[in-house]
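Asker: Residues 1 to 169 (UniProt numbering) are what the sequence shown spells out, left to right.
Glycine included, every Cβ here is placed at the ideal spot set by N, Cα and C.
Owing to the predicted nature of the structure, the values given are computational and were not obtained by experimental measurement.
Provided herewith is a single structure, encoded as C-alpha coordinates, for subsequent inquiry.
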Amino acid sequence: MTILKLPEQAGAEPVPQSIDATARRRVSGPGLRTFLAITDRYGISTRDRVILLGEPSNSTYHEWVKKALAEAPLALPLDTLTRISGILGIHKALGIIFPVEAEAMTWLKGPHRGEVFGGQAPVEVMIEGGLDGILTVRRYLDGWRGGLRGGPGEGADIEPVSETDLVFT
1 MTILKLPEQA
11 GAEPVPQSID
21 ATARRRVSGP
31 GLRTFLAITD
41 RYGISTRDRV
51 ILLGEPSNST
61 YHEWVKKALA
71 EAPLALPLDT
81 LTRISGILGI
91 HKALGIIFPV
101 EAEAMTWLKG
111 PHRGEVFGGQ
121 APVEVMIEGG
131 LDGILTVRRY
141 LDGWRGGLRG
151 GPGEGADIEP
161 VSETDLVFT
(Lines of atoms letter the chains of each structure in order from A and count residues from 1; the text may use other names and numbers.)
(Lines give C-alpha, C1' and ligand atoms only; values in the text may rest on other atoms or scores of the structure.)
Protein backbone atom coordinates (compact mmCIF):
# COMPACT_ATOMS: atom_id res chain seq x y z
CA MET A 1 0.00 0.00 0.00
CA THR A 2 1.20 3.51 -0.75
CA ILE A 3 0.20 6.63 1.12
CA LEU A 4 0.97 10.22 0.33
CA LYS A 5 3.24 12.08 2.71
CA LEU A 6 2.65 15.81 2.77
CA PRO A 7 5.72 17.69 1.60
CA GLU A 8 7.50 20.24 3.78
CA GLN A 9 7.19 23.06 1.22
CA ALA A 10 3.91 24.50 0.04
CA GLY A 11 3.26 23.83 -3.63
CA ALA A 12 5.53 20.78 -3.80
CA GLU A 13 4.13 17.51 -5.13
CA PRO A 14 3.13 14.84 -2.56
CA VAL A 15 5.80 12.19 -2.08
CA PRO A 16 4.57 8.56 -2.06
CA GLN A 17 5.66 6.66 1.04
CA SER A 18 5.30 2.91 1.12
CA ILE A 19 4.05 1.07 4.18
CA ASP A 20 5.14 -2.45 3.45
CA ALA A 21 4.61 -5.69 5.34
CA THR A 22 7.97 -5.30 7.09
CA ALA A 23 6.92 -1.97 8.60
CA ARG A 24 3.51 -3.37 9.54
CA ARG A 25 5.14 -6.42 11.19
CA ARG A 26 7.37 -4.13 13.24
CA VAL A 27 4.42 -2.30 14.85
CA SER A 28 1.57 -4.83 14.74
CA GLY A 29 2.44 -6.97 17.78
CA PRO A 30 3.31 -4.10 20.13
CA GLY A 31 0.36 -2.07 18.86
CA LEU A 32 -2.15 -4.87 19.39
CA ARG A 33 -0.75 -5.71 22.85
CA THR A 34 -1.12 -2.05 23.83
CA PHE A 35 -4.65 -1.95 22.37
CA LEU A 36 -5.56 -5.01 24.47
CA ALA A 37 -4.14 -3.44 27.65
CA ILE A 38 -6.05 -0.20 27.05
CA THR A 39 -9.34 -1.93 26.26
CA ASP A 40 -8.89 -4.15 29.35
CA ARG A 41 -8.45 -1.03 31.43
CA TYR A 42 -11.54 0.56 29.85
CA GLY A 43 -13.66 -2.58 30.35
CA ILE A 44 -14.40 -2.97 26.63
CA SER A 45 -15.87 -6.35 25.70
CA THR A 46 -14.33 -8.73 23.17
CA ARG A 47 -17.25 -8.08 20.82
CA ASP A 48 -16.61 -4.34 20.93
CA ARG A 49 -12.85 -4.85 20.53
CA VAL A 50 -13.52 -6.75 17.33
CA ILE A 51 -15.69 -3.88 16.12
CA LEU A 52 -13.04 -1.29 17.05
CA LEU A 53 -10.46 -3.26 15.05
CA GLY A 54 -12.61 -3.19 11.91
CA GLU A 55 -14.66 -6.35 12.41
CA PRO A 56 -12.28 -9.12 11.43
CA SER A 57 -13.80 -12.58 11.85
CA ASN A 58 -13.70 -13.94 15.40
CA SER A 59 -11.16 -16.56 14.39
CA THR A 60 -8.93 -13.90 12.80
CA TYR A 61 -9.20 -11.71 15.90
CA HIS A 62 -8.27 -14.58 18.22
CA GLU A 63 -5.37 -15.57 15.95
CA TRP A 64 -4.08 -11.97 16.01
CA VAL A 65 -4.32 -11.87 19.81
CA LYS A 66 -2.60 -15.24 20.15
CA LYS A 67 0.28 -14.13 17.92
CA ALA A 68 0.60 -10.72 19.57
CA LEU A 69 0.71 -12.17 23.08
CA ALA A 70 3.25 -14.81 22.00
CA GLU A 71 5.28 -12.08 20.28
CA ALA A 72 5.05 -14.13 17.07
CA PRO A 73 5.33 -12.45 13.65
CA LEU A 74 2.15 -10.53 12.84
CA ALA A 75 1.33 -8.01 10.10
CA LEU A 76 -2.03 -6.36 10.67
CA PRO A 77 -3.85 -4.59 7.82
CA LEU A 78 -3.19 -0.86 7.53
CA ASP A 79 -6.83 -0.07 8.37
CA THR A 80 -6.50 -2.01 11.63
CA LEU A 81 -3.24 -0.26 12.50
CA THR A 82 -4.89 3.11 11.83
CA ARG A 83 -7.70 2.18 14.22
CA ILE A 84 -5.19 1.12 16.88
CA SER A 85 -3.30 4.38 16.40
CA GLY A 86 -6.53 6.29 17.01
CA ILE A 87 -7.19 4.37 20.23
CA LEU A 88 -3.63 5.03 21.42
CA GLY A 89 -4.09 8.75 20.72
CA ILE A 90 -7.37 8.79 22.63
CA HIS A 91 -5.74 7.06 25.59
CA LYS A 92 -2.83 9.51 25.59
CA ALA A 93 -5.13 12.54 25.40
CA LEU A 94 -7.34 11.23 28.22
CA GLY A 95 -4.26 10.79 30.40
CA ILE A 96 -3.19 14.38 29.75
CA ILE A 97 -6.62 15.99 30.19
CA PHE A 98 -7.70 13.92 33.19
CA PRO A 99 -5.00 13.25 35.80
CA VAL A 100 -7.46 10.97 37.64
CA GLU A 101 -8.37 7.87 35.61
CA ALA A 102 -11.89 7.71 37.09
CA GLU A 103 -12.61 11.14 35.60
CA ALA A 104 -11.37 9.97 32.20
CA MET A 105 -13.68 6.95 32.39
CA THR A 106 -16.61 9.17 33.38
CA TRP A 107 -15.97 11.34 30.33
CA LEU A 108 -15.40 8.39 27.98
CA LYS A 109 -18.42 6.34 29.07
CA GLY A 110 -20.96 9.03 29.94
CA PRO A 111 -23.40 10.81 27.62
CA HIS A 112 -21.92 13.94 26.10
CA ARG A 113 -23.46 17.22 25.01
CA GLY A 114 -20.67 17.95 22.53
CA GLU A 115 -22.07 18.49 19.05
CA VAL A 116 -20.08 15.64 17.51
CA PHE A 117 -21.43 13.17 20.09
CA GLY A 118 -25.16 13.87 19.78
CA GLY A 119 -25.81 12.81 23.38
CA GLN A 120 -23.86 9.57 23.03
CA ALA A 121 -20.91 8.53 25.16
CA PRO A 122 -17.62 9.00 23.30
CA VAL A 123 -16.92 5.27 23.58
CA GLU A 124 -20.23 4.58 21.81
CA VAL A 125 -19.20 6.94 19.00
CA MET A 126 -15.93 5.01 18.71
CA ILE A 127 -17.68 1.63 18.54
CA GLU A 128 -20.67 2.59 16.39
CA GLY A 129 -18.88 5.04 14.11
CA GLY A 130 -16.09 2.82 12.83
CA LEU A 131 -12.80 4.44 11.92
CA ASP A 132 -14.53 7.82 11.50
CA GLY A 133 -15.93 7.54 15.04
CA ILE A 134 -12.53 6.69 16.51
CA LEU A 135 -10.87 9.58 14.70
CA THR A 136 -13.70 11.97 15.65
CA VAL A 137 -13.13 11.25 19.34
CA ARG A 138 -9.37 11.55 18.90
CA ARG A 139 -9.66 14.90 17.08
CA TYR A 140 -12.08 16.19 19.72
CA LEU A 141 -9.68 15.31 22.53
CA ASP A 142 -6.66 16.65 20.63
CA GLY A 143 -8.53 19.92 20.12
CA TRP A 144 -9.51 20.07 23.77
CA ARG A 145 -5.95 19.30 24.79
CA GLY A 146 -4.77 22.05 22.47
CA GLY A 147 -7.02 24.66 24.06
CA LEU A 148 -10.36 24.36 22.29
CA ARG A 149 -13.43 24.11 24.49
CA GLY A 150 -14.63 20.73 25.61
CA GLY A 151 -16.43 19.21 28.48
CA PRO A 152 -17.93 16.21 30.18
CA GLY A 153 -21.34 14.68 29.79
CA GLU A 154 -24.37 15.90 31.64
CA GLY A 155 -24.46 14.93 35.30
CA ALA A 156 -20.71 14.40 35.54
CA ASP A 157 -18.75 15.83 38.46
CA ILE A 158 -16.19 17.25 36.03
CA GLU A 159 -16.47 20.94 35.26
CA PRO A 160 -16.52 21.78 31.54
CA VAL A 161 -13.68 23.83 30.14
CA SER A 162 -14.86 27.40 29.57
CA GLU A 163 -13.37 30.45 27.88
CA THR A 164 -12.22 31.77 31.27
CA ASP A 165 -10.11 28.63 31.76
CA LEU A 166 -8.15 29.26 28.58
CA VAL A 167 -5.01 31.35 29.01
CA PHE A 168 -3.22 32.80 26.01
CA THR A 169 0.20 34.37 26.45
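1. ILE90 and VAL27 look like a contact to me (Cβ under 8 Å); what is the Cβ gap, rounded to whole Å?
2. Quick one: Cα of THR82 to Cα of ARG113, how far?
3. Can you give the Cα-Cα distance for ALA93 and LEU141, rounded to whole angstroms?
4. Are LEU32 and LEU74 close, meaning C-beta to C-beta below 9 Å?
5. What residue does the alpha helix (DSSP H) around PHE35 start on, and which one ends it?
6. Looking at the secondary structure, which residues open and close the alpha helix (DSSP H) in which GLY130 lies?
7. State yes or no: is the beta carbon of PRO111 nearer than 9 Å to at least one beta carbon in chain C?
8. Do ALA102 and GLY95 have their CB atoms nearer than 9 Å?
Answerer: In short, the structure shows the following:
1. Numbered from 1 along the sequence shown, position 90 holds the residue referred to as residue 90. Numbered from 1 along the sequence shown, position 27 holds the residue referred to as residue 27. Between VAL27 and ILE90 the Cβ distance is about 17 Å, and since that is not below 8 Å, they are no contact.
2. One-based indexing of the sequence shown puts residue 82 at position 82. One-based indexing of the sequence shown puts residue 113 at position 113. Their backbone Cα atoms lie some 27 Å apart in a straight line.
3. In the sequence shown, residue 93 corresponds to position 93, counting from 1. In the sequence shown, residue 141 corresponds to position 141, counting from 1. Using only the alpha carbons, I get a separation of about 6 Å.
4. By one-based count along the sequence shown, residue 32 stands at place 32. By one-based count along the sequence shown, residue 74 stands at place 74. Yes.
5. Taking the sequence shown and counting its residues from 1, one reaches residue 35 at position 35. Start and end: 21 to 42.
6. Start at 1 with the first residue of the sequence shown, and residue 130 comes out as number 130. Run containing GLY130: 130 to 145, per the alpha helix (DSSP H) assignment.
7. The chain labelled as chain C is not found in the depicted structure, where only one protein chain is given.
8. Counted from its first residue, the sequence shown places residue 102 at position 102. Counted from its first residue, the sequence shown places residue 95 at position 95. No, Cβ-Cβ distance for ALA102 and GLY95 is not below 9 Å.
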